[in-house]
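Residue numbers (my numbering): 725 to 1689.
Don't be surprised by glycine CBs; every beta carbon is placed ideally from N, CA and C.
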């Protein structure tokens, strides 16, 4: 499933919001304190006041801390008999603020440092300072002096640094929570040996801490806590876990959470021998191997979470023996084979997630035989041959689902009529399941209760209902065969109708029905006409994708779309100038207008200061690239201007764009030199593009997803009662259904490896410079050879001269190199053979000379056409052999050798001409010499004739004599 920053914080929020602390406190007697005692000890009152002096209190939470009756102060509890302060509860439950709103959190938090005056609270049993802001200060050592403490909660309070081993003095402690917000506010635990002093500890939570230095012996330390009932060390960078544990001292433990660590080892079998376990979470650890049959020992297991590992093999049949199981998450592993039918015996099962594995075989009705309580069901397979989901067309399920997610499985082609029995459905996702034909009317009537609907990538056809009523819903009907006009789905937040056969104009009144839209994808259809001006009413719109249609006219004003950050109108018939209203609020990050008929200058984009992607390829733009692009658009990472009529020089200001990793200026009329300063493009120095733009894209994508997820999840919890971490995991899994929504946001086409390729959602990994088909001249700058992360370099069809730079081999990550149709000369540098990732090469039609390198991958370039048009090249794969001796001079010596040969031919020719005319000229001028010469020739002719006749006569005479004898 999806692991993300959003999921992680959502998980933290829900764990705290729905944790069982209250039950624990009641059972432990921590609630028996007086909050209305009429007086308190002066020394303790003064201690609290000094503590208050060191804090800022923006929301006035400590406003009641006045007067002498401190036992009545907010958060203070006293013993009824003695009047001593025994409880200080200043923790802030997350339900009191919006966890996703940093300003709200900051306002609600107490800020400052912990005063040592608290040491005067010698009878303190309970201390909770969670969800406050102690400004990255270390946890004070003096907390280890509160020897009567039974409850200590310092979670999410912005402590950092080393956890003091003095906490090991708290021998009466039963609850300890040292969890932190994130890795930027790191709590460091160098070792856990001090923890053996907490002999009474029952609950230990140290989430999101750095335990990497304690990783070698963490389990041995924990094993010394005989009373431990709950252990949570998630997100702690642990990387060692023993394969066996001979003696288990915490045999009464009920909850173990080791999720999100770095074990990357076989699944430890000893964990499946702890029969007292109720909850076990080993997710996102890289565990490998098979789930052992001993899983049947977990008779009390209620929640088993093993998703995002590398578990393989078969799911044991004994899984059916876990009669108490309510939650089973096995997604994102390598489990294969048939899903055991015994899973249908889990009568208490509420949530079942089997998605993203290598399942095969058939899922039938037997798998669901006794799952009467199931509310959540997720199933998908990543195998090429899909898992068959065959429950019959007229099946009546024993359950009533709230969420169903089935992906890449083969269902009956008919639309599943058994969904009609599911009256409580909130989320329906049937993705790539092979259903076809018309969607029945009864299904559309479920729309008022549906929060999330995805029928992505099936073969559904027919016209969509003209109008449907949803409530803050996300609808994905993309990649089907639906036709007809665009439907009016009111109450929709996210709508994707991509890649269907919908047609006709986009009606002006559709906006009035969908005013809450944040995401709309109508791309790859047949919509025509103009973009309605009423689109400017969609003030919540963040993403608008209309590419690959037949739209015409001009772009309407969008000055009210203050939240718009992605706009793609590529490959339509739009024309005119780019309106300045697109940049009225500077929110735009991705703008793609490729393949239209836009013209004019680019000045309207000057205020788009956050622009990260600018695609204007294949339009009618001319003039030069304005300098301000490199000066104002400092966030630009992708600039694609190919296929226009831009002219002039490439501005040097582009070299100052620190995030630029795609520069595509091919097929224009640029002239002059290639700017050497392109070697300063720092984002092409490293292979990893962790840029601001990438982060912004991820953040906005998560926000867009959360628009529907938060509402969906809230309704889901209220309907099913599923909460806490289980609910957080379900919410995370729901996000997978949003991926088709995002697929069209981050796709672009580039000329790579000699062809036009489309890159979907991975364009941040494309590192490209394409200056082909222009009129650039001069030499290839040596400075470009510093761009070690460059993947594609295309300088073909220009007027470049000189040698190929000798250091071209420094481009170690280059996959495509095209220098064809230029005037380059000299040898192919030997260093080019060190570019081991090079898979596409074209050096044709230059004036290169010498032998083609044979080392490394050059032996695989056996297509002679990539070298043709270079008559001085020799060696395989060309038919011209290189016969030069081994010590054939190269470079300057070779040039001198060629010069000497030229003078030799000139001398020989001159000598022949002079000798010829000395003889023949004399015969022409002097008659007596001419007569003597011809007389001599006649005499010689007669002598030769007589000699031949005599010789022939003698030969004939000898032949006749031999015949007689």
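Exercise. So, do the region 1525-1541 and the region 1556-1566 have three or more beta carbon pairs nearer to each other than 8 Å?
Worked result: yes
Problem set entry | Backbone CA spacing between residue 1287 and residue 1311 [nearest angstrom] | 6 Å
For this session: Take the Cβ of residue 1409 as the centre, count every other Cβ of all protein chains shown within 10 Å, and call the residue buried at 16 or more, exposed below.
Result: By the neighbour-count rule (16 or more Cβ atoms within 10 Å), residue 1409 is not buried but exposed.
For this session: Between the Cα of residue 984 and those of 973, 1009, 978 and 991, spot the shortest distance and give me the residue it belongs to.
Result: Checking every option, the nearest Cα to that of residue 984 belongs to 1009.
Exercise. So, is residue 1213 buried or exposed, given that buried needs 16 or more other C-beta atoms within 10 angstroms?
Worked result: Classification of residue 1213: buried, given that the 10 Å Cβ count is 16 or more.
For this session: Count the other C-beta atoms from every protein chain shown that fall within 10 angstroms of the C-beta of residue 816, then say buried if there are 16 or more, exposed otherwise.
Result: Residue 816 should be labelled buried.
Problem set entry | Per-residue DSSP class, three states only, for residue 747 | In this prediction, residue 747 has a pLDDT of 37, which is less than 50 and means its spatial position is unreliable; nothing more can be read from the coordinates.
Problem set entry | C-beta atoms of residue 1402 and residue 1507 nearer than 9 Å | yes
Problem set entry | Host beta strand (DSSP E) of residue 1208 (start-end) | 1205-1208
For this session: In angstroms with no decimal places, state the Cα-to-Cα distance between residue 1390 and residue 831.
Result: 52 Å
Problem set entry | Helix, strand or coil at residue 974 according to DSSP, with G and I counted as helix | coil
Exercise. Got a sec? Which residues, its chain only, sit under 6 Å from residue 1037 by beta carbon, not counting five neighbours each side?
Worked result: 1014
Exercise. Helix, strand or coil: how does DSSP classify residue 990 here?
Worked result: strand
Exercise. Where residue 936 and residue 881 are concerned, what is the direct C-alpha to C-alpha distance, given to the nearest angstrom?
Worked result: In this structure, the straight-line span from the alpha carbon of residue 936 to that of residue 881 is close to 21 Å.
For this session: Determine the direct distance from the alpha carbon of residue 1243 to that of residue 1691, and round the result to whole angstroms.
Result: With the chain running from 725 to 1689 in the structure shown, residue 1691 is simply not present.
Exercise. Does residue 1067 come within less than 9 Å of chain D when only Cβ atoms are used?
Worked result: No chain D is present in this structure, which holds just one protein chain.
For this session: Please check the pair residue 1204 and residue 1182, which I expect to be a contact at CB under 8 Å, by giving their CB distance rounded to whole angstroms.
Result: 6 Å
Problem set entry | Continuous alpha helix (DSSP H) stretch holding residue 769: start and end | 766-777
For this session: Could you tell me whether the region 847-858 touches the region 789-798, using the rule of 3 or more Cβ pairs below 8 Å?
Result: no
Exercise. Are the CB atoms of residue 1297 and residue 1325 nearer to each other than 9 Å?
Worked result: Here residue 1297 is not near residue 1325, since their CB atoms are 9 Å or more apart.
Exercise. Among residues of its own chain, excluding the 5 on either side of residue 873, which ones have a beta-carbon nearer than 7 Å to its beta-carbon?
Worked result: Same-chain partners within the cutoff: 848, 849, 851, 894, 896 and 897.
Problem set entry | N- and C-terminal bounds of the beta strand (DSSP E) containing residue 1083 | 1075-1084
For this session: Go ahead and label residue 1138 buried or exposed: buried means 16 or more other beta carbons lie within 10 angstroms of its beta carbon, across all protein chains shown.
Result: Looking at its Cβ environment, which holds fewer than 16 other Cβ atoms inside 10 Å, residue 1138 is exposed.
Problem set entry | The alpha helix (DSSP H) enclosing residue 1229, as first and last residue numbers | First-last for residue 1229: 1225-1229, but that is the beta strand (DSSP E), not the alpha helix (DSSP H).
Problem set entry | residue 1244 in three-state terms, based on DSSP | strand
Exercise. For residue 1522 versus residue 1549, is the C-beta spacing smaller than 9 Å?
Worked result: no
Exercise. Between residue 868 and residue 778, is the Cβ-Cβ spacing less than 9 Å?
Worked result: Result no, Cβ atoms of residue 868 and residue 778 do not sit closer than 9 Å.
Exercise. At which residues does the beta strand (DSSP E) containing residue 710 begin and terminate?
Worked result: Only positions 725 to 1689 of the chain appear in the structure, and residue 710 is not among them; the question remains open.
Problem set entry | Neighbourhood of residue 1016 by C-beta distance below 6 Å, restricted to the same chain and skipping five residues each side | 993 and 996
Problem set entry | Buried or exposed (CB count within 10 angstroms, at least 16 for buried), residue 1347 | exposed
Problem set entry | Same chain only: Cβ atoms within 8 Å of residue 1526, ignoring 5 sequence neighbours per side | 1502, 1503, 1504, 1548, 1549 and 1550
Exercise. Can you tell me whether DSSP reads residue 969 as helix, strand or coil?
Worked result: coil
For this session: Determine, using beta carbons only, whether residue 1039 and residue 1054 come nearer to each other than 9 Å.
Result: yes
Problem set entry | residue 1355 to residue 1380 span [Cα, whole Å] | 7 Å
Problem set entry | Close beta carbons around residue 813, own chain, < 6 Å, minus the five adjacent residues each side | 799 and 852
Problem set entry | residue 1606 classed as buried or exposed, judged by whether at least 16 other C-beta atoms fall within 10 angstroms | Exposed is the call here.
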